[in-house]
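Counting in the numbering used here, the sequence shown runs from 6 upward without gaps. Heads up, the beta-carbon is just placed ideally off N, CA and C, and yes, glycines get one too. Here's the structure we're looking at; comments come further down.
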Amino acid sequence: SAPRVPLFDLKNKTPWEIDSWLFTYQPSFIWIEDVHSLYGMSAKSNFSFGRNIGMLHGMCEVFCSGCPPETVTPKVWQKFAGVTAKGKAIKKQVAKIANTLYPAADLYGKRGGLLDGRADALMIAHYALHHQICKTYDMECNVTSTYKFLGKEE
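Structure follows, in structure tokens:
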């Protein structure tokens, strides 16, 4: 059977819930989207956002035996996934690609709407898996090389 990749939505989670998730899954590596403050956010919001990102990085480093979490920018993982859309169309294309690659993934709510962040998280995990394979086997990292390594067609 296919390996399970646990995804965790940080929205509205307490540090204790994050701690519990990390303890339960004991990940050997962790990938986090490399995001920065957004234009138009208040100073208070930016500070809170930065504090939460820092706390997350620290918690991940503790649970991953001292290895800091890896980060990837949206532009990098989206390019790897084959996203060509711009602006608001990006979310829909990411969901379509994620749904094609992982048809069993739970990306949509009961009313058919896209669950916020799920497709992005899945595609970051997709990028991370390929990147970890390349890193482990000292290979050039692209979709073709990792699929070839895994004995699958692209």
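{"Asked": "Helix, strand or coil for Ser6? Go by DSSP, reduced to three states.", "Found": "Because Ser6 sits at a pLDDT of 47, beneath the cut-off of 50, its placement in the model cannot be relied upon, and the point is left open."}
{"Asked": "Using the rule of at least 16 other Cβ atoms within 10 Å of the residue's Cβ for burial, across every protein chain shown, is Trp36 buried or exposed?", "Found": "buried"}
{"Asked": "Determine the closest residue to Arg123 out of Asp143, His135, Lys96 and His136, with distance taken between C-alpha atoms.", "Found": "Lys96"}
{"Asked": "So, are the CB atoms of Cys72 and Leu27 less than 8 angstroms apart?", "Found": "no"}
{"Asked": "Is the segment 76 to 91 touching the segment 109 to 116, taking contact as three or more C-beta pairs under 8 angstroms?", "Found": "no"}
{"Asked": "My guess is that His136 and Cys146 are in contact by the Cβ rule of under 8 angstroms, so how many angstroms apart are they, rounded?", "Found": "6 angstroms"}
{"Asked": "Whose C-beta lies closer than 8 angstroms to the C-beta of Gly55 among residues of the same chain, with five residues either side of it excluded?", "Found": "Ser42"}
{"Asked": "Name the two residues that bound the continuous beta strand (DSSP E) containing Glu145.", "Found": "Neither: Glu145 is in no beta strand (DSSP E) and is coded neither H nor E."}
{"Asked": "Alpha carbon to alpha carbon, what distance is there between His62 and Thr19?", "Found": "14 angstroms"}
{"Asked": "Are the CB atoms of Glu75 and Ala133 within a distance shorter than 8 angstroms?", "Found": "yes"}
{"Asked": "Return the residue from the list Asp121, Lys101 and Gln31 that minimises the CA-CA distance to Ser70.", "Found": "Gln31"}
{"Asked": "Go ahead and pull the three-state DSSP assignment for Thr89.", "Found": "coil"}
{"Asked": "How long is the line joining the alpha carbons of Thr105 and Gly87, rounded to whole angstroms?", "Found": "12 angstroms"}
{"Asked": "Starting from Thr76, follow the beta strand (DSSP E) in both directions and report where the run begins and ends.", "Found": "Glu75 to Val77"}
{"Asked": "Which residue marks the beginning of the alpha helix (DSSP H) containing Ile37, and which one marks its end?", "Found": "Unbroken run through Ile37 is the beta strand (DSSP E), Trp36 to Glu38; no alpha helix (DSSP H)."}
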